[in-house]
Amino acid sequence: MKAIVFDLDGTLTDSACGIIRAVRYAIDKMQVEMPSDELISKFLGPPLALSFREYMGFNHEEAVKATEYYREVYNTEYWKYNKVYPGIRQLLISLKKNGHRLYVVTGKPMAIANKVITHFKLDHFFDRVIGPDENQYYDGKCASLNAALNGNKNAIMVGDRASDILGAREYGIPVVYTLYGYGSIEEYNKFGADFIVNNVEELYDVLNCPKAKYKGYFISIEGNDGSGKSTQRDLLRDKLVNFGFDVYATREPGGTPLSEKIRGLLLDRENNSMTSLTEAYLFASARAQHVEEVIMPAINRGELVLSDRFVDSSVAYQGAGHELGMDIVAKLNAPAVNGAMPDTTVYLDLPFENAMRRRQENSKADRIELYDYSFHERAQNAFHKLVKDNPERFISVDAAGDAETISENIFARVIERLIDKEKVLCG
Ligand code: TYD
1159 MKAIVFDLDG
1169 TLTDSACGII
1179 RAVRYAIDKM
1189 QVEMPSDELI
1199 SKFLGPPLAL
1209 SFREYMGFNH
1219 EEAVKATEYY
1229 REVYNTEYWK
1239 YNKVYPGIRQ
1249 LLISLKKNGH
1259 RLYVVTGKPM
1269 AIANKVITHF
1279 KLDHFFDRVI
1289 GPDENQYYDG
1299 KCASLNAALN
1309 GNKNAIMVGD
1319 RASDILGARE
1329 YGIPVVYTLY
1339 GYGSIEEYNK
1349 FGADFIVNNV
1359 EELYDVLNCP
1369 KAKYKGYFIS
1379 IEGNDGSGKS
1389 TQRDLLRDKL
1399 VNFGFDVYAT
1409 REPGGTPLSE
1419 KIRGLLLDRE
1429 NNSMTSLTEA
1439 YLFASARAQH
1449 VEEVIMPAIN
1459 RGELVLSDRF
1469 VDSSVAYQGA
1479 GHELGMDIVA
1489 KLNAPAVNGA
1499 MPDTTVYLDL
1509 PFENAMRRRQ
1519 ENSKADRIEL
1529 YDYSFHERAQ
1539 NAFHKLVKDN
1549 PERFISVDAA
1559 GDAETISENI
1569 FARVIERLID
1579 KEKVLCG
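When we follow the numbering used here, the leftmost residue of the sequence shown carries the number 1159, and every step to the right adds one.
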């Protein structure tokens, strides 16, 4: 049971994009010539004021001024460009599950570090977060390590820069140097660390922790044609990926080579003699292949599956739209679904007339979209019934308004469920 101390930037989160933008902003404000990209990339990692002095030749006052400019944009806006490295969430879950205590010790001001950790919902993993106080002299990582660990030496530091190596050495604990961050093999060779890793996966061995195996999570996203589903699916996927979730995005009908061929049959406007029952079976058979070949394996690997439509579409469109019966279509699909019901279904609720209007603007309507008004109206009513009957599973979202606001709303509700699950997994 060790204390494991992580650096933040370049170890847990990738903040390159926001930092580089903010450094450029500060240099621009200082009215000096913009240096090369290569030189600006050196700002990633070490304390800022130091970088302004070392790389820009600023004196103390200039470095302080430039740092102020930097903070003006980074602390308010640009920090949001951060991303959690892929694999980090699973690593943190595994470490917690194994009883380790986790800490963050960073060169970033404590307030901003906390903001990043809270924003990315990483706070439940850490016992303590220590960083410099913006208004006080920063006396380095060793002092911060002491503040985090209270002298405990049964610990290991994981970081990506010389300051991490030197701080850990001074404090008297081993250090793992992460090459996937902003460090380099040259820096490692110069300062030497106890361990070096090329990627997050290699941390399991070095930290002597087995990778936790757990069932993934299944999210489907539903809505009438014209509800903005594809846009919302993409925005949700991007946000989840930035938060470090291992997302497998897929769609129905489709998601496997064979299911995509069935999709072709289903949506082809030439197949206008297709009976309702044929249609229902074709959707179900595409689904059977999708579940077995793609969805179940991904869930068993611990991934987060995000499917654009799933069985609720069949229940609504074929069951209610074609009046085959919602129950009958649900039963017909049961062997195809094979127990793999979504943990969460996001339903985009758009007043029927709005969806209809958007649909009519779409000149490339597929075979299903060409069904008449009453078909789509019945499908929408069926979705409402499904939402009402399954309040635990569904997240129903008002889909009128601007895409980013709708996306924020969806994300806030989805992430709450994912974090609840993560907390259970951590034990
Ligand atoms: P989709 O690819 O979501 O189309 P769009 O992006 O244009 O909304 O779905 C294609 C069509 O198939 C859509 O009209 C809904 C319909 N559909 C069903 O009727 N039953 C089903 O089981 C599924 C998955 C989709």
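Positions of the beta carbon are idealized from the N, C-alpha and C atoms, including for glycine. Values in this document were obtained by computation on a predicted structure and should not be read as measured data.
Heavy atom of the ligand TYD within 6 Å of residue i beta-carbon
i: Thr1526; result: The sequence as given places Ile at residue 1526; Thr does not occur at that position. Checking every heavy atom of the ligand TYD against the Cβ of Ile1526, one is found closer than 6 Å.
i: Pro1500; result: no
i: Asp1383; result: yes
i: Arg1516; result: no
i: Pro1411; result: yes
i: Tyr1475; result: yes
i: Arg1467; result: yes
i: Phe1541; result: no
i: Val1472; result: Note on identity: in this sequence residue 1472 is Ser, with Val being the wrong assignment. Yes.
i: Phe1441; result: yes
i: Ser1388; result: yes
Interface flag, residue i vs chain C, CB-CB below 7 Å
i: Leu1303; result: No chain C is part of this structure, which consists of one protein chain only.
Simplified DSSP assignment, three categories, for residue i
i: Leu1260; result: strand
i: Ile1526; result: coil
i: Ala1313; result: strand
i: Arg1575; result: helix
i: Asp1501; result: coil
i: Ser1471; result: helix
i: Ser1434; result: helix
i: Gly1341; result: coil
i: Phe1376; result: strand
i: Ile1331; result: coil
i: Leu1482; result: coil
i: Ala1161; result: strand
i: Val1508; result: The sequence as given places Leu at residue 1508; Val does not occur at that position. Three-state DSSP puts Leu1508 in coil, outside helix and strand.
i: Thr1414; result: coil
i: Asp1318; result: coil
i: Asp1560; result: coil
i: Asp1547; result: helix
Burial state of residue i (16 or more Cβ within 10 Å)
i: Ile1162; result: buried
i: Pro1500; result: buried
i: Asn1334; result: Contrary to the premise, residue 1334 reads as Val rather than Asn in this sequence. By the 10 Å Cβ count, Val1334 comes out buried.
i: Val1358; result: buried
i: Gly1215; result: exposed
i: Pro1549; result: exposed
i: Cys1175; result: exposed
i: Asn1347; result: exposed
i: Asn1293; result: exposed
i: Ile1420; result: buried
i: Asp1165; result: buried
i: Asp1318; result: buried
i: Ile1343; result: exposed
i: Ser1194; result: exposed
i: Asp1485; result: exposed
i: Glu1437; result: buried
i: Leu1394; result: buried
i: Asp1507; result: buried
Inter-residue CB distance, residue i and residue j (contact presumed, cutoff 8 Å)
i: Thr1225; j: Leu1206; result: 5 Å
i: Gly1460; j: Gly1374; result: 5 Å
i: Glu1410; j: Tyr1505; result: Not really, about 15 Å apart at Cβ, beyond 8 Å.
i: Ile1243; j: Asp1172; result: In the sequence under discussion, the amino acid at residue 1243 is Tyr, which differs from the Ile named in the question. 6 Å between Cβ atoms; contact.
i: Cys1300; j: Gly1325; result: 5 Å
i: His1534; j: Met1514; result: 7 Å
i: Ser1143; j: Pro1204; result: This structure leaves residue 1143 out entirely; the chain is present only between 1159 and 1585.
i: Ala1446; j: Gly1412; result: That belief does not hold up - the Cβ atoms of Ala1446 and Gly1412 are roughly 13 Å apart, past 8 Å.
i: Leu1440; j: Leu1423; result: 6 Å
- [ ] Tell me the start and end of each unbroken alpha helix (DSSP H) in the segment 1167 to 1245 that is at least 4 residues and wholly inside, in chain order.
- [x] 1174 to 1187, 1195 to 1199, 1206 to 1214, 1218 to 1232
Task: Minimum length 3: unbroken beta strand (DSSP E) runs contained in the segment 1264 to 1297 - done: 1286 to 1288
Open item on the list: In chain order, what are the residue ranges of uninterrupted beta strand (DSSP E) at least 3 long that sit wholly in the segment 1351 to 1411?
Closed with: 1353 to 1355, 1375 to 1381, 1405 to 1409
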